[in-house]
Structures are given as C-alpha cells and as structure tokens.
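Here the structure is laid out as structure tokens; the discussion comes afterwards.
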Amino acid sequence: MKFPSYTTPREKLWFYTYRTFCGLVLFFLVAPLIVVIPLSFTNSVFLQFIPEMKIFSFDTWSFNFDGYGTRWYKELLGICTANSGTTVCTDRWMIGIKNSALIAVFATFFASVLGTLAALGLSNRHMPFNRLIMALMISPMIVPLIITAAGMFFFFAKVNLVATLPGLIIAHTILGIPFVVITVTASLAGFDNNLLRAGATLGGSPLRNFLKIQAPLIAPGVISGALFAFITSFDEVVIVLFVGGPEQYTLPRQMWSGIRNEISPTILAAATILVIFSILLLTTLEMLRRRAEKIRGITPH
Amino acid sequence: MSVSSNIDSKGQLLTNDGVPLKESLKKSLRRTKIRSFLLLLAPLLFLLIMFVTPIGSLLSRSVDDTSINVVLPQTFAQYELWEDKSQIPSEEMFAAVINDIRSTHKMENSEGKNIGKNLLGKAGTRMTYEYSGWRSLLLKTVKSATKVNKRSKEEVKPYTWEAPYKEKMIKRDKRWGKVEFWQSLGAMKDPYTMGYYLNAVDLRYDANKNIIEKKEHLKIYKTIWMRTLQVSLMVTIFCLLLAYPVSYLLATLPMRTSNLLMICVLMPFWTSLLVRIVAWMIMLQQNGVVNDTLVSILPCFEGMVNLPFFGETNLDLCFSDEDRIPMMYNFTGTIIVMTQVLLPFMILPIYSVMRGIPPSYMKAAQNLGATPTRAFIRVYMPQSVPGIGAGCILVFIVAIGYYITPELVGGKDGLMIGNFVAREMQQTLNWGLAAAMGAILLSAVLILYWAYDRLIGIDNLKMG
Numbered sequence: 001m002k003f004p005s006y007t008t009p010r011e012k013l014w015f016y017t018y019r020t021f022c023g024l025v026l027f028f029l030v031a032p033l034i035v036v037i038p039l040s041f042t043n044s045v046f047l048q049f050i051p052e053m054k055i056f057s058f059d060t061w062s063f064n065f066d067g068y069g070t071r072w073y074k075e076l077l078g079i080c081t082a083n084s085g086t087t088v089c090t091d092r093w094m095i096g097i098k099n100s101a102l103i104a105v106f107a108t109f110f111a112s113v114l115g116t117l118a119a120l121g122l123s124n125r126h127m128p129f130n131r132l133i134m135a136l137m138i139s140p141m142i143v144p145l146i147i148t149a150a151g152m153f154f155f156f157a158k159v160n161l162v163a164t165l166p167g168l169i170i171a172h173t174i175l176g177i178p179f180v181v182i183t184v185t186a187s188l189a190g191f192d193n194n195l196l197r198a199g200a201t202l203g204g205s206p207l208r209n210f211l212k213i214q215a216p217l218i219a220p221g222v223i224s225g226a227l228f229a230f231i232t233s234f235d236e237v238v239i240v241l242f243v244g245g246p247e248q249y250t251l252p253r254q255m256w257s258g259i260r261n262e263i264s265p266t267i268l269a270a271a272t273i274l275v276i277f278s279i280l281l282l283t284t285l286e287m288l289r290r291r292a293e294k295i296r297g298i299t300p301h
Numbered sequence: 302m303s304v305s306s307n308i309d310s311k312g313q314l315l316t317n318d319g320v321p322l323k324e325s326l327k328k329s330l331r332r333t334k335i336r337s338f339l340l341l342l343a344p345l346l347f348l349l350i351m352f353v354t355p356i357g358s359l360l361s362r363s364v365d366d367t368s369i370n371v372v373l374p375q376t377f378a379q380y381e382l383w384e385d386k387s388q389i390p391s392e393e394m395f396a397a398v399i400n401d402i403r404s405t406h407k408m409e410n411s412e413g414k415n416i417g418k419n420l421l422g423k424a425g426t427r428m429t430y431e432y433s434g435w436r437s438l439l440l441k442t443v444k445s446a447t448k449v450n451k452r453s454k455e456e457v458k459p460y461t462w463e464a465p466y467k468e469k470m471i472k473r474d475k476r477w478g479k480v481e482f483w484q485s486l487g488a489m490k491d492p493y494t495m496g497y498y499l500n501a502v503d504l505r506y507d508a509n510k511n512i513i514e515k516k517e518h519l520k521i522y523k524t525i526w527m528r529t530l531q532v533s534l535m536v537t538i539f540c541l542l543l544a545y546p547v548s549y550l551l552a553t554l555p556m557r558t559s560n561l562l563m564i565c566v567l568m569p570f571w572t573s574l575l576v577r578i579v580a581w582m583i584m585l586q587q588n589g590v591v592n593d594t595l596v597s598i599l600p601c602f603e604g605m606v607n608l609p610f611f612g613e614t615n616l617d618l619c620f621s622d623e624d625r626i627p628m629m630y631n632f633t634g635t636i637i638v639m640t641q642v643l644l645p646f647m648i649l650p651i652y653s654v655m656r657g658i659p660p661s662y663m664k665a666a667q668n669l670g671a672t673p674t675r676a677f678i679r680v681y682m683p684q685s686v687p688g689i690g691a692g693c694i695l696v697f698i699v700a701i702g703y704y705i706t707p708e709l710v711g712g713k714d715g716l717m718i719g720n721f722v723a724r725e726m727q728q729t730l731n732w733g734l735a736a737a738m739g740a741i742l743l744s745a746v747l748i749l750y751w752a753y754d755r756l757i758g759i760d761n762l763k764m765g
C-alpha cells in the first residue's frame with residue numbers, strides 16, 4: 001500500500017488496524033463454510049479434525065492423505081460399503097434431495113407467477129391501498145416462521161393438507177412470493193411507461209407490448225426473485241417440521257434430524273454440496289445483475 | 302387540425318373523439334386501476350386464504366375458551382348463582398357438575414361416534430392450566446359418575462350414583478371439598494379468555510378474576526421473554542459493530558475490489574442455514590477448530606518464577622485441554638451463530654446507503670479544517686443513519702422470532718420464545734398458550750415492521 005508522503009505513523013497504524021479488523025469480520029463470515037469442505041472428506045466417524053488428518057508431517061517431511069476419502073459422499077448417495085461401520089446405510093438422503101427439489105421447483109414456479117403478477121399490479125401508483133397491499137405481500141418474509149408454521153398446521157389440518165406434497169408446495173410458495181415481489185418491483189422501478197405508450201401507438205396489443213417491451217426488462221428481476229424463492233424453499237425446515245409428514249422427508253429435514261440425533265459426517269458431505277450449489281447460484285445472480293444493468297443502460301461505476 | 306377546434310362551448314379541452322379530455326383521462330385511469338386490480342387478484346386471494354387466514358385462526362385460539370363451555374354449561378350457570386365464594390358451594394353446583402359430565406359423556410358427532418370422552422379429556426387438560434390437579438380430579442369423577450347399574454332390568458340402565466352428590470364426591474376425592482378448585486372455575490366460565498395471555502407473561506386470575514402474579518416457582522416465561530429481548534438486542538449491537546466498518550470499507554473501495562469482497566458477505570447469505578449451523582458446531586465445540594487452535598497456538602508456560610513484588614510464584618499460563626471454552630449449546634453459541642447468520646442483513650442496507658454518500662463531502666469538511674475523525678463523525682456518520690436504522694430494525698425483527706438456531710445450538714440457556722411456542726405446540730399441546738405467545742411475538746414484529754415501513758419504506762428493501 002502506498003501512502004502519501006504526509007501520512008503520519010499513527011495514521012498508518014490506524015489504517016492497518018482498520019483493514020485487519022475488516023479482514024477478520026469477512027473471515028468470520030466465510031471461515032465456517034470453508035472448514036466444512038475438507039472435513040467432509042474425512043475417513044473417521046468424528047465431526048472434528050483428528051491427528052490422522054494432518055496432511056503434512058514435519059517429522060517425516062512428507063504428505064499423507066490417509067485420513068481422507070469419499071466415504072461420506074457414498075453414504076450420502078446411498079451407496080453402501082462393507083466398512084460402513086457404525087452408521088446405518090440409508091437412502092433417506094437421496095429421497096430428501098428428490099423431495100426438496102420437487103417441492104422447490106413447484107413452489108418457485110407458483111411464487112414467480114404470483115409474485116410477478118402482484119409486482120405488476122402494484123407498480124400502478126394510482127392503485128388504492130397500494131402500500132398496504134405491498135406490506136401484506138412482503139409480510140411472509142417478516143412474520144416469524146414459527147408462527148406461520150403453527151398457523152398453517154391448524155389450517156391445513158382442517159382442509160386435509162397436512163402431510164401432503166401440495167400442502168408443502170403451497171406453504172413454500174407463500175414464503176417465496178415476497179422475494180419475487182421485491183426483485184420485480186425493483187426492476188420495474190426505473191421503467192418508463194412511455195415505452196408502453198409508444199408501443200401502443202405503433203399498433204401493439206397490450207399483451208404484445210408486455211411481452212416485447214416489459215417482459216425482457218423485468219426478466220432479470222423475475223429470475224433473481226425465483227432464485228431467492230428456490231433457495232428459500234430448498235433450505236426451509238420449520239414448516240416441513242410442522243406441516244410435513246414422513247412421506248415428505250426433505251433434505252433440510254434430514255439434516256435437522258442428523259444434527260439433533262445421529263450426527264455423522266454425512267451431513268458435512270451434504271453441506272459441501274450445498275455450499276457449492278450456493279456458489280453457483282450466487283454466480284448466476286451476479287451475471288443476471290450485470291445483464292440487467294447492461295439492458296437498462298446503467299453502467300457499473 | 303388546429304388546436305382551437307378541440308375546445309368545446311364550455312371551454313373544456315376535447316380529445317379527437319370529441320370527449321372532454323378530463324373525462325377521457327379519468328376513464329383511462331380507471332381502466333389502469335381495474336387492470337392492476339385484476340393482476341393483483343390472484344396473488345392477493347392466495348395470500349389471504351393460505352397465509353392470513355391460518356394466522357388469524359391461530360390468533361383466535363389464544364382467546365378461545367369455548368371448548369370448556371361446551372362441556373360444563375350447567376356448572377358455569379350454577380357458578381353465577383354461587384354467593385359466598387369463600388365457602389364450598391351447595392349441592393346444586395355438585396349436581397350440575399355430575400349432570401354436565403353425564404350429558405357430555407354421551408355426546409356423539411353427526412356420524413354417531415362418541416366424542417364425549419375426548420371432550421372431557423380436553424376439558425380436564427384445559428382446567429389443569431388454571432389449577433393443577435383438575436384433570437385427574439375430573440377424570441376420576443367421570444368414572445364414578447358414569448358407572449351404570451348393570452343388573453337393572455330397565456331399558457336405560459340407571460346410574461349407580463344418585464343424588465345428593467356433594468358428600469359422595471368429597472368422599473370419592475377430597476379435592477372436591479377444596480374451595481380453590483371451585484374458585485378456579487371463574488376464570489374459565491366465559492367463552493373468551495385472557496388467561497392464555499396472562500399465563501404467557503407469568504400472571505394468572507385469582508378466584509375473583511383479579512389479575513395476580515403466579516407463584517415464584519411457576520414463573521418461567523418472564524425470563525424467556527427477557528432473554529429473547531436480550532439476545533435480539535445483543536445480536537443487533539454486535540452486528541452493527543461488525544458491519545459498520547466493513548460496510549464503510551466496501552463503500553469506499555473501488556467497485557471491482559468491493560464486488561469481490563462482497564462475495565464474502567453474500568456467500569453465507571446464500572448458504573443453507575443448517576449448513577452454517579453445522580459449520581459452527583465444528584468450529585465451536587469442545588474439540589472444535591477454535592478450541593484446538595487456542596490450545597496449539599497460545600504460548601504455554603508453566604513453572605516457578607521469581608516475580609518482583611510477588612516473590613516465588615507457581616505460574617500457570619497454559620491453555621490446556623481443561624481450559625477449552627464451552628461455546629456451543631449455550632447462550633454464547635446462540636449469540637455467535639446468530640451474529641454471523643444475521644450480519645449480511647446489517648451490512649447490505651448500510652452499504653447501499655454509504656454508496657450513495659458522495660466522497661467529496663468528507664474532503665470538503667477536511668478542507669474546511671476538520672480532522673479526519675471529526676469529518677467522519679460530523680459529516681459522514683449522520684448521512685449513514687438511514688442505513689443503520691434499516692439494518693438494525695431488520696436484524697432485530699429477524700432475530701426476535703428465531704427458532705432454528707437456538708433450538709440446535711442454544712442448549713438450555715440459549716432458548717428463545719420461538720422455541721417455547723414450538724414446545725407448547727408439539728410437546729405440551731397447550732395450543733392456547735402457544736397461540737398467545739405467538740400473538741405477543743407477532744405484534745412486536747408487526748410494530749417494528751410498521752416502523753420500518755414508515756422510516757425506510759418496504760419497497761426499499763434490497764437483497765443481494
């Protein structure tokens with residue numbers, strides 16, 4: 001780092017202290033996620049770094065990977081090996097992943113459709129109770145999950161939706177709507193209504209106008225909202241605990257019982273996959289954001 | 302076409318179709334309103350039916366006391382006639398209890414299935430919340446009161462117990478002779494009750510329906526409410542302390558670098574909450590990464606030294622295996638994990654506000670003779686207050702209703718009110734109490750939500 005010549009030593013010291021502090025905070029944010037990855041390749045049954053996992057030995061001056069293997073990934077996939085040892089081989093993880101994906105895909109679809117409709121409707125400033133309806137649309141994100149889950153449990157019990165797939169999809173759709181509403185509203189914020197009027201004077205029908213003019217502009221908003229909705233559904237456990245039955249064992253549900261009862265490194269294998277998954281999603285989102293900026297003519301600083 | 306031809310006799314502007322412009326505009330405005338309304342219809346209905354109704358029905362449970370009124374109508378009617386409430390009631394009240402028990406016991410639903418026994422069980426449970434012992438007393442009495450004389454030749458076999466009941470009941474169970482049991486009926490006689498709310502804050506009704514404090518050993522919820530508040534406040538403060546400097550760094554660095562560092566902030570935001578909890582378990586447990594590192598890194602010195610003033614002292618500066626700090630499954634664990642989980646919620650709003658503060662202001666202030674510190678405090682900080690407000694309210698709202706994290710890492714002394722709502726829902730099955738606690742929690746959240754909307758506006762809520 002180059003300092004101007006007039007910088008006092010105290011300022012330099014302050015500068016480095018400050019940077020170190022920020023570095024530590026950022027480290028605090030990501031460190032736990034990074035620790036998960038090497039530990040998921042352990043060969044032992046413990047959720048801790050054991051001496052065998054030392055990669056480099058200073059005594060013999062050599063590398064050693066004996067403590068590592070893909071044992072827990074096999075367990076995750078339901079592939080049983082003879083030396084599975086203490087843990088019981090189960091296909092619950094795979095069932096969980098399938099259920100989670102199924103629920104998340106449907107919930108994301110419905111949330112995107114409903115959320116986009118709501119955002120389009122709310123974009124009209126002359127709409128009465130605009131603010132109130134907006135607050136209502138976002139409230140599923142604000143209301144504590146435990147209250148939503150308890151309420152839905154009683155309500156779904158009355159209408160026979162407890163322990164059914166549709167019940168969970170409905171519940172997750174509701175949790176996803178706020179994200180779509182927020183992102184689509186944001187992408188509509190800079191929208192110039194004159195564009196639609198220009199389209200109309202050129203003879204475009206309202207539907208055609210929407211598809212040709214508005215839809216491409218809000219598409220990045222819809223997609224990023226959908227990603228939020230997907231990840232919310234894919235990670236949701238409280239509602240599944242209350243409303244879901246044994247048939248709807250999702251991945252987070254399996255992780256939950258793993259953490260509470262029979263904690264094994266299989267969880268770490270699942271966690272690693274989820275971390276990689278979230279990195280992929282984050283990259284997609286960043287690309288979408290850049291694309292949206294390009295479309296709307298906003299150049300990054 | 303000239304402009305003048307578009308004005309009618311009254312001087313109003315006309316459109317090309319000859320309609321006054323004002324009306325035409327009004328019409329088109331109405332049309333856009335209708336279109337917006339139609340767009341909103343589906344999502345709004347879906348949310349009202351599937352989200353608002355369930356929460357409403359949950360809240361209605363917090364005051365609902367009809368289940369007990371169905372079971373003991375005559376008893377409650379007699380309760381009104383009971384004059385001296387410090388004395389055991391007269392025979393009529395005892396007879397009313399027996400009659401109520403007998404008529405409920407025979408109750409059937411529309412399909413002819415007996416539901417009475419179930420109702421009596423539920424009533425007993427409800428009564429126990431008001432005065433402990435009611436359930437066993439009631440169920441014991443149900444058994445005696447509904448016993449029939451099997452040897453009787455009549456078609457409807459008569460009950461073995463016959464009036465007067467007062468002495469028989471007291472003989473069967475001494476508790477019927479205790480006035481406290483009878484007095485506690487007063488809190489249940491109305492179809493609506495505030496009892497669950499009182500229970501949720503460690504209060505109760507006495508015999509005359511005055512609100513009094515619960516006995517010391519029965520007070521549990523006040524500490525939980527205080528702890529919920531304490532955890533939420535502490536997490537908010539820690540998040541602010543950690544987030545403010547980082548946000549400032551991110552806002553002042555060139556865009557390219559700050560976008561790169563932003564990944565560190567967004568990564569945990571995008572990672573499954575359960576994954577983060579598992580990660581923290583590995584970090585913070587007794588044999589976890591943090592404790593291992595402390596043991597191996599901290600300098601170890603043990604032995605006799607000759608210190609000035611102290612003389613020969615046995616010095617133990619070791620951080621050995623016995624010194625490992627318990628950081629998981631307790632209050633500390635809850636605070637650490639929640640701070641990390643909620644930190645992005647604080648960084649993002651502060652960052653987006655700071656990005657909008659022109660750096661030239663600070664330079665101008667320094668140009669006018671302020672020291673960098675003074676310029677920062679007097680010029681920069683006041684402008685970042687909206688971000689601080691947004692972040693703090695957001696973190697506090699999310700923290701106050703937390704359930705998963707305290708449940709998994711909180712142990713015993715890290716549990717919050719959300720965990721007790723779940724406990725009443727799933728284990729003790731006191732749904733009225735769960736609903737009352739949920740209602741109090743929800744109203745706190747909604748007040749903060751309203752404040753957030755007034756101060757910042759929910760449409761400014763940004764993610765990622």
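Sequence lines, in order, name chains A and B.
If you number the first sequence the way this note's numbering does, the last residue is 301 and the count never jumps.
If you number the second sequence the way this note's numbering does, the last residue is 765 and the count never jumps.
Note that the Cβ used here is the ideal one computed from N, Cα and C, for glycine as well.
{"Query": "Less than 8 Å between the CB atoms is what I'm expecting for Leu420(B) and Val372(B), so what's the real figure, rounded?", "Result": "5 Å"}
{"Query": "Put Met128(A) into one of helix, strand or coil per three-state DSSP.", "Result": "In the sequence as displayed, the identity of residue 128(A) is Pro instead of Met. Looking at Pro128(A) - three-state DSSP - the assignment turns out to be coil, as it is neither helix nor strand."}
{"Query": "Helix, strand or coil, according to DSSP, for Glu613(B) in the structure here?", "Result": "strand"}
{"Query": "On the DSSP bridge list, what partners appear for Ile513(B)?", "Result": "Arg505(B)"}
{"Query": "In this structure, does DSSP put Ile308(B) in helix, strand or coil?", "Result": "strand"}
{"Query": "Under 8 Å by Cβ, that's how I've got Ile642(B) and Leu574(B) pegged, so tell me the actual separation to the nearest angstrom.", "Result": "For the record, residue 642(B) in the displayed sequence is Val; it is not Ile. Confirmed, about 7 Å."}
{"Query": "Between Ile748(B) and Leu340(B), what straight-line distance do the alpha-carbon atoms span, to the nearest angstrom?", "Result": "29 Å"}
{"Query": "I'd like to know if Ser358(B) contacts chain A, where contact means its C-beta is closer than 7 Å to some C-beta of that chain.", "Result": "yes"}
{"Query": "What does Phe63(A) pair with, by DSSP beta-bridge criteria?", "Result": "Phe56(A)"}
{"Query": "Examine chain B for any beta-carbon lying closer than 7 Å to the beta-carbon of Pro300(A), and answer yes or no.", "Result": "Low per-residue confidence applies at Pro300(A): pLDDT is 41, beneath 50, and the placement is therefore not dependable enough to give any value."}
{"Query": "Closer than 6 Å by C-beta to Ala740(B): which residues in its own chain qualify, once you throw out the five before and the five after it? Chain order, please.", "Result": "Leu360 and Ser363"}
{"Query": "Looking only at its chain, what residues have a beta carbon closer than 6 Å to the beta carbon of His406(B), apart from the 5 residues adjacent to it on each side?", "Result": "Gly417 and Thr447"}
{"Query": "For Thr558(B), I'd like the list of residues in its chain whose CB is within less than 7 Å of its CB, leaving aside the five on either flank, ordered along the chain.", "Result": "none"}
{"Query": "For chain A, check one thing: does any of its Cβ atoms lie closer than 7 Å to the Cβ of Asn631(B)?", "Result": "no"}
{"Query": "I'd like to know if Asn194(A) contacts chain B, where contact means its C-beta is closer than 7 Å to some C-beta of that chain.", "Result": "no"}
{"Query": "So what does DSSP say about Met134(A), is it helix, strand or coil?", "Result": "helix"}
{"Query": "Determine the chain A residues that contact Pro687(B) at a beta-carbon separation under 9 Å, and present them in chain order.", "Result": "Within 9 Å Cβ-Cβ: nothing; Pro687(B) doesn't reach chain A, min ~17 Å."}
{"Query": "Using the three-state DSSP reduction, which class does Thr86(A) fall into: helix, strand or coil?", "Result": "Caution applies to Thr86(A), whose pLDDT of 48 falls short of 50 and renders its modelled position unreliable; the value that the coordinates give is listed next. Coil at Thr86(A), not helix or strand."}
{"Query": "Since Val143(A) meets chain B, which of its residues come closer than 9 Å, beta carbon to beta carbon?", "Result": "Phe352, Ile356, Gly702, Leu743, Val746, Leu747 and Tyr750"}
{"Query": "For Glu18(A), which option in Ile705(B), Leu543(B) and Asp754(B) has the closest C-alpha, if you only look at C-alpha atoms?", "Result": "Strictly speaking, residue 18(A) in this sequence is Tyr, with Glu absent from that position. The option with the nearest alpha carbon to Tyr18(A) is Leu543(B)."}
{"Query": "For a test of the three-state rule: what should DSSP assign to Pro321(B), helix, strand or coil?", "Result": "strand"}
{"Query": "For Leu288(A) and Asn307(B), what's the separation of their Cα atoms in angstroms?", "Result": "48 Å"}
{"Query": "Kindly give me the distance between the Cβ atoms of Ile231(A) and Trp581(B), rounded to whole angstroms, as I take these residues to be in contact under 8 Å.", "Result": "Actually they are not in contact, since the Cβ atoms of Ile231(A) and Trp581(B) sit about 20 Å apart, beyond 8 Å."}
{"Query": "Taking 6 Å as the cut-off, is the beta-carbon of Ser621(B) closer than that to any non-hydrogen atom of the ligand SAH?", "Result": "Within the structure as shown, the ligand SAH is missing, as the structure has no ligands at all."}
{"Query": "Chain A beta carbons: is any one of them nearer than 7 Å to that of Met302(B)?", "Result": "For Met302(B), the predicted model reports a pLDDT of 44, less than 50, meaning its position is unreliable; a value from the coordinates is still stated below. Cβ-Cβ to chain A under 7 Å: no for Met302(B)."}
{"Query": "Taking its Cβ as the centre, do 16 or more other Cβ atoms sit within 10 Å of Tyr753(B), making it buried, or is it exposed?", "Result": "buried"}
{"Query": "Going straight from the alpha carbon of Ala119(A) to that of Leu499(B), what length do you get?", "Result": "41 Å"}
{"Query": "Hey, could you find the ends of the alpha helix (DSSP H) Thr164(A) is sitting in?", "Result": "Run containing Thr164(A): none; DSSP gives neither H nor E here."}
{"Query": "Name the residue from Ala215(A), Ser40(A), Met152(A) and Leu168(A) whose alpha carbon lies nearest to the alpha carbon of Ala253(A).", "Result": "This sequence places Arg at residue 253(A); Ala is not what is there. Answer by Cα proximity: Leu168(A)."}
{"Query": "State the Cα-Cα distance for the pair Val180(A) and Met408(B), rounded to the nearest angstrom.", "Result": "50 Å"}
{"Query": "Does Lys243(B) get closer than 7 Å to chain A when you measure Cβ to Cβ?", "Result": "Residue 243(B) is absent from the model: chain B starts at 302 and stops at 765."}
{"Query": "Whether or not the region 673–686 of chain B and the region 710–721 of chain B are in contact is what I'm after, with contact meaning three or more pairs of Cβ atoms, one per stretch, closer than 8 Å; do they touch?", "Result": "no"}
{"Query": "In chain order, what residues of the same chain lie with their CB nearer than 7 Å to the CB of Arg290(A), ignoring the 5 residues before and after it?", "Result": "none"}
{"Query": "What residues of chain A sit near Asn588(B), judged by a beta carbon separation below 7 Å?", "Result": "Gln48"}
{"Query": "If contact means a Cβ-Cβ distance below 7 Å, which residues of the region 23–35 of chain A contact chain B?", "Result": "Val25, Leu26, Phe28, Leu29, Val30, Pro32, Leu33 and Val35"}
{"Query": "For Thr86(A), decide whether its Cβ has a neighbour in chain B, counting only Cβ atoms nearer than 7 Å.", "Result": "Confidence is the limiting factor: at Thr86(A) the pLDDT is only 48, short of 50, which leaves the residue's position unreliable, though a coordinate-based value still follows. Not an interface residue."}
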